[in-house]
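The sequence shown finishes on residue 291 if you use full-length UniProt numbering, and the numbering steps up by one all the way, no holes.
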Amino acid sequence: MTSAQALTSIIDNVNNLISILRDPNDNTTLRTGKTYLDLSKPEYEKMSRHLSEASRALNKIAYDYKVISPGLLTPSILKLEDDIKISTPQTTTFMSSFQDIKEEVKPFMKTKEHKEHKHHIEPNVDNECINIGNTFKTLEEAADVFEEYARKCGFNICKGNSKRDVYQEFACSARGKVRMRKIPDQSKQRNRKSIKKMCKCHVILRKKDDDWVITTRKLHHTHELLSIDEIKKTAKNRFIPDEFKLKAIELHSKGEAPAKIQYEFESELGERCTWSMKDLYNMLYRYKSDA
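1. Residue 16 to residue 168, Cα distance in whole Å?
2. Please list the terminal residues of the continuous alpha helix (DSSP H) segment that includes residue 177.
3. Between 277, 170 and 256, which has its C-alpha nearest residue 266's C-alpha?
4. Mapping DSSP to helix, strand and coil, what is residue 133?
5. Rounded to whole angstroms, what's the CA-CA distance from residue 46 to residue 131? Just pull it up for me.
6. Shortest alpha-carbon distance to residue 218 belongs to which of 2, 211 and 171?
7. Should the region 150-157 be called in touch with the region 221-229, which here means at least 3 C-beta pairs below 8 Å?
8. Assign residue 145 to one of three DSSP states: helix, strand, or coil.
9. Residue 211 lies in the beta strand (DSSP E); which residues open and close that run?
10. On the CB-based measure, 16 or more other CB atoms within 10 Å of its CB, does residue 5 come out buried or exposed?
11. Just list the residues that DSSP pairs residue 170 with in beta bridges.
12. Any chance you could list the alpha helix (DSSP H) runs of at least 4 consecutive residues sitting entirely within the region 240-284, in chain order?
13. So residue 8 is in the alpha helix (DSSP H); what residue range does that whole segment cover?
14. Classify residue 293 as helix, strand or coil using the three-state DSSP reduction.
15. Please classify residue 146 as buried or exposed, where buried requires at least 16 other C-beta atoms within 10 Å of its C-beta.
16. Take the Cβ of residue 194 as the centre, count every other Cβ of all protein chains shown within 10 Å, and call the residue buried at 16 or more, exposed below.
17. Measure from the alpha carbon of residue 64 to the alpha carbon of each residue in 7, 133 and 288, then state which is nearest.
18. From which residue to which residue does the alpha helix (DSSP H) around residue 232 run?
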């Protein structure tokens, strides 16, 4: 679609919108559309289609002329006055909202360049340890190397696709998409965000003779990376080793309070104590429930 065709599309769609919204009792004003009684369902569907087509055409023109477009701005985002009537003399006022962009006005649609800049992050960390062609004696060794690289970058890793004695993928734990679980009792639904961000960061190793060789790697992420302190606080790194679980259970059975037990662990281990007071309390609670 050329700019001229885009402009024609905008004009046609605006004219169609005017014909839908024009007040039958006053040709100089538009129906308010404040309630569903004012406009029928087919009319709303037509409006949605014309607005979508006009928006695409506007963004096409903005792209061709290198203009940052705010995209399709809805009345809720423009925060127009409730009682305003859009008539022919006021159309200029309405259109000026597209030119005078305020900080609180957020675009629905972003240009491709902006999206790629925001959502493709490659860490500025030495990655020679996971170069293509690097070999490892075992998958455990490869996993340890990739996990150490991930820790420096600010993400956790997980196992991806694999085929025994053929290949193994290690990926960022934010790989894949969110999967909503159906829970019959909605009161038990956990209200927490998923870590899944469709991240593409991964390495693939293939078996060659007795070694595992890195054959593929992609190191860019589709999400913000964490600091080293934040990585320590993620669920994967907050596990309590068995020896400290047993020690905590023994101390708690002798009457020690969980807070005092946690304080002793933190004093003894320092930064190596990655679990929180809440993690320790939950572990003790589960132990008592299972006993």
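Here a beta-carbon is modelled for each residue, glycine too, at the ideal position from N, C-alpha and C.
Note that the coordinates shown come from a computational prediction; the quantities given were computed from them, not determined experimentally.
Reading it off the structure:
1. Straight through space, the alpha carbons of residue 168 and residue 16 are spaced by roughly 56 Å.
2. For residue 177, there is no enclosing alpha helix (DSSP H), as DSSP marks it with neither H nor E.
3. Comparing Cα-Cα distances from residue 266 to each of 277, 170 and 256, the minimum goes to 277.
4. In the structure shown, residue 133 sits in coil (DSSP, three-state: anything other than H, G, I, E or B).
5. Cα to Cα, residue 46 sits roughly 54 Å from residue 131.
6. The alpha carbon of residue 218 has as its nearest neighbour, out of 2, 211 and 171, the alpha carbon of 171.
7. Judged by Cβ distances under 8 Å, the region 150-157 makes contact with the region 221-229, as three or more pairs qualify.
8. Helix, per DSSP.
9. It spans 211-218 - the beta strand (DSSP E) in which residue 211 sits, taken as one unbroken run.
10. Exposed, because fewer than 16 other Cβ atoms sit within 10 Å of the Cβ of residue 5.
11. Its beta-bridge partners are 159 and 203.
12. Look at the region 240-284 and you find these whole runs of alpha helix (DSSP H), each 4 residues long or longer: 242-253 and 258-269.
13. Per DSSP, the unbroken alpha helix (DSSP H) holding residue 8 starts and ends at 3-21.
14. Here the chain covers residues 1 to 291 and nothing more, so residue 293 does not appear.
15. The residue is buried, with at least 16 neighbouring Cβ atoms inside 10 Å.
16. Taking all protein chains in view, the Cβ of residue 194 is surrounded by fewer than 16 other Cβ atoms within 10 Å, so the residue is classified as exposed.
17. In terms of CA proximity to residue 64, 7 leads the group 7, 133 and 288.
18. Looking at the DSSP string, the run of the alpha helix (DSSP H) that includes residue 232 is 228-232.
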